[in-house]
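Residues in the sequence shown are numbered from 119 upward in steps of one, following this note's numbering. Just below is one structure, and these are the notes that go with it.
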Amino acid sequence: MRRIITLLAVFVLFLVLGACGNSSSESSGKDDGEQKLAKELKLFSFGDYWPEDVLKGFEEKYGVKVIYDPYGSNAEMLTKIQSGAVDYDIVVPTDYIAGRMIQKDMLQELDMDNIPNFKNINSLFHERDYDPSNKYTVPYLYGYIGMVYDKTKVKDPVGWEDLWTPEYAGHVLLSNVGREALTVALQKNGYSQNDASDEALKAAKKDLLALHPNVYAYESTASDILSGNDVWIGAAYSGTVGMAMKKNENLMFKIPKEGGTIWMDNLAIPKVSKNKYTAEVFINYVLEPEVSKKISDEIPYSNPNSAAVELMGDEEKNNPAAYPPEEDVKRADWYKDMGKDLTKMDHTWREVIGQ
Numbered sequence: 119m120r121r122i123i124t125l126l127a128v129f130v131l132f133l134v135l136g137a138c139g140n141s142s143s144e145s146s147g148k149d150d151g152e153q154k155l156a157k158e159l160k161l162f163s164f165g166d167y168w169p170e171d172v173l174k175g176f177e178e179k180y181g182v183k184v185i186y187d188p189y190g191s192n193a194e195m196l197t198k199i200q201s202g203a204v205d206y207d208i209v210v211p212t213d214y215i216a217g218r219m220i221q222k223d224m225l226q227e228l229d230m231d232n233i234p235n236f237k238n239i240n241s242l243f244h245e246r247d248y249d250p251s252n253k254y255t256v257p258y259l260y261g262y263i264g265m266v267y268d269k270t271k272v273k274d275p276v277g278w279e280d281l282w283t284p285e286y287a288g289h290v291l292l293s294n295v296g297r298e299a300l301t302v303a304l305q306k307n308g309y310s311q312n313d314a315s316d317e318a319l320k321a322a323k324k325d326l327l328a329l330h331p332n333v334y335a336y337e338s339t340a341s342d343i344l345s346g347n348d349v350w351i352g353a354a355y356s357g358t359v360g361m362a363m364k365k366n367e368n369l370m371f372k373i374p375k376e377g378g379t380i381w382m383d384n385l386a387i388p389k390v391s392k393n394k395y396t397a398e399v400f401i402n403y404v405l406e407p408e409v410s411k412k413i414s415d416e417i418p419y420s421n422p423n424s425a426a427v428e429l430m431g432d433e434e435k436n437n438p439a440a441y442p443p444e445e446d447v448k449r450a451d452w453y454k455d456m457g458k459d460l461t462k463m464d465h466t467w468r469e470v471i472g473q
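This is how it looks when you write it as structure tokens:
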């Protein structure tokens with residue numbers, strides 16, 4: 119009798135433990151052939167990066183409350199995710215940061231059966247270097263650091279070397295972010311923007327010091343400056359130029375012959391998420407052409423969703439700041455995670471600014 123009671127107790131304990139093992143906010147398996155949606159989705163992203171009606175649309179369509187927690191930088195996001203303090207379901211890392219998160223096993227592998235709208239992503243952005251098998255990330259928005267110029271002041275510039283033209287003294291724009299400013303000089307001299315060798319940085323420093331008399335302003339968020347008439351040529355974010363074009367019709371944007379920089383922000387699911395299926399449903403919703411277009415209507419960056427771009431008006435999809443020629447896109451270079459070498463770049467930049 120005692121043996122029967124003992125076996126019964128073990129059986130009951132097994133059922134209790136089994137129930138506890140499936141007590142997360144989202145079912146770990148199937149329910150009548152379908153996975154369950156969680157009640158909430160925790161979105162951790164750059165601030166002002168999601169139109170309110172897009173998030174409301176997801177809530178209304180799927181009955182899932184979206185909790186949007188903003189951050190100001192990739193570094194801030196990484197620190198909080200690594201702390202494990204909050205179990206976010208979606209994060210939006212920039213390309214080389216996404217690569218770092220993949221290497222550190224911080225992201226969950228995506229079930230693409232739940233994201234059929236990935237087919238809408240332009241094939242140019244499949245198999246990116248930081249996620250070559252499209253296993254962990256889905257492109258969200260992207261852009262460039264390229265050459266901006268006033269067509270009434272500068273005629274047909276070709277590459278970064280044009281910024282050193284003596285006639286443009288006092289009218290050049292350059293980023294105040296060290297790595298971005300160094301990119302211009304590194305590429306001008308034939309080096310990769312990811313080259314932190316002593317030889318490359320020495321040449322870049324020399325050129326940036328020589329460029330200093332030409333510089334009107336060191337600024338990375340320069341839409342207000344570009345809206346005026348003081349900048350004739352410079353290096354700037356494509357989205358910043360796109361915003362300034364609305365006020366200054368003389369502005370043009372192009373990828374320099376040396377390549378410039380391309381960047382991509384991505385949708386990813388961190389390992390801390392307990393709602394992987396719901397996160398995948400959200401990603402698929404974001405990739406719906408109409409939804410993706412709503413994002414571009416409000417957020418002034420380039421959209422990797424070809425089906426969404428097709429819904430845009432001719433003026434928008436033919437804007438060279440947002441959608442430069444495909445051959446130019448292929449020339450653009452991606453930033454890589456520099457690790458300790460980034461310190462060398464920062465030191466070189468401080469030497470430039472200090473002189």
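Every residue gets a Cβ at the ideal spot worked out from N, C-alpha and C, and that includes glycine.
Euclidean distance between Cα positions of H465 and Y189: Using only the alpha carbons, I get a separation of about 26 angstroms.
Counted within 10 angstroms of its Cβ, other Cβ atoms place N485 as buried (16 or more) or exposed: Residue 485 is absent from the structure shown; the chain starts at 119 and stops at 473.
Any C-beta of chain B under 8 angstroms from that of V204: Here chain B cannot be found, since the structure has a single protein chain.
CA-to-CA distance, E279 to G357, given in whole angstroms: The alpha-carbon separation between G357 and E279 amounts to approximately 23 angstroms.
Distance between V470 and S293 (C-alpha atoms, nearest Å): Linking S293 to V470 through their CA atoms gives a straight-line distance of about 13 angstroms.
Beta strand (DSSP E) segments (min. 3 residues) lying fully within the segment 283–342: Counting only runs of at least 3 residues, the segment 283–342 fully encloses the following beta strand (DSSP E) elements, listed from N- to C-terminal order: 290–292 and 333–336.
Local conformation of L228 per DSSP, three classes: Per DSSP, reduced to three states, the secondary structure at L228 is coil, with no helix or strand assignment.
7 angstroms CB neighbourhood of S391 in its chain, flanking five on each side removed: When the five nearest sequence neighbours on each side are left out, the beta carbons in the same chain lying within less than 7 angstroms of the beta carbon of S391 are those of D205, Y206, D207, Q226 and A397, in order along the chain.
Cβ neighbours of A335 in the same chain (closer than 7 angstroms, five flanking residues each side left out): These residues qualify, in order along the chain: L291 and I343.
Stretch pair the segment 370–380 + the segment 291–311: three plus CB contacts closer than 8 angstroms: Yes: the two stretches touch, three or more of their Cβ pairs being nearer than 8 angstroms.
Beta-carbon separation (whole angstroms), L259 vs I387, contact threshold 8 angstroms: No, L259 and I387 are not in contact; Cβ-Cβ is about 18 angstroms, not under 8 angstroms.
As assigned by DSSP and simplified to three states, the class of S142: At S142, the pLDDT of 44 sits below 50, so the modelled position is not reliable; the number obtained from the coordinates is stated separately. Of the three classes helix, strand and coil, the one that applies to S142 here is coil, per DSSP.
Residue from N402, A450 and M430 with nearest C-alpha to I373: Checking every option, the nearest Cα to that of I373 belongs to A450.
Strand pairing of F243, partner residues [DSSP]: F243 pairs with nothing; no bridge assigned.
The ligand ADP heavy atom lying under 7 angstroms from the CB of V172: Inclusion of the ligand ADP in the displayed structure is not the case, the ligand content being empty and no account of it being possible.
Status (buried if at least 16 other CB within 10 Å, exposed otherwise) for I233: Under this definition I233 is a buried residue.
V256 to N235 span [Cα, whole Å]: For the pair V256 and N235, the Cα-to-Cα distance works out to about 10 angstroms.
Straight-line gap, E194 to L161 (C-alpha atoms, nearest Å): For E194 and L161, the distance between alpha carbons rounds to 14 angstroms.
Segment contact, 8 angstroms Cβ cut-off, at least three pairs: the segment 158–178 with the segment 206–224: The answer is yes - the segment 206–224 touches the segment 158–178, with three or more Cβ pairs under 8 angstroms.
Nearest residue (CA-CA) to I220, options K198, K253, N240 and A203: Answer by Cα proximity: K253.
Nonlocal neighbours in the same chain, by C-beta distance under 7 angstroms from K148, ignoring five residues either side: Any reading at K148 is ruled out, since the residue's pLDDT is 41, under 50, leaving its predicted position unreliable.
Nearest-angstrom beta carbon gap, A216 and Y248 [assumed within contact, 8 angstroms]: Contact between Y248 and A216 is confirmed by a C-beta separation of about 5 angstroms, below the 8 angstroms threshold.
Contact belief for Y180 with V399 at Cβ below 8 angstroms, rounded distance in angstroms: Between Y180 and V399 a beta carbon distance of about 6 angstroms is seen, short of the 8 angstroms cut, so the two are scored as contacting.
Which residues DSSP lists as bridging V209, in chain order: Paired residues: F162 and A386.
Collapsed DSSP secondary structure at L405 in the structure displayed: The three-state reading of DSSP puts L405 in coil, since its state is none of H, G, I, E or B.
Spatial neighbours of K366 in its chain, beta-carbon cut-off 6 angstroms, leaving aside the 5 residues before and after: The question names Lys, yet the displayed sequence has Asn at residue 366. Here the set comprises S345.
A203: first and last residue of the uninterrupted beta strand (DSSP E) it sits in: Careful: A203 lies outside any beta strand (DSSP E) and carries neither H nor E.
Same chain only: Cβ atoms within 6 angstroms of M370, ignoring 5 sequence neighbours per side: Excluding sequence neighbours, M370 sits near Y267 and K269.
Test item: CB-CB of L319 and K462 under 8 angstroms: Yes, Cβ-Cβ distance for L319 and K462 is below 8 angstroms.
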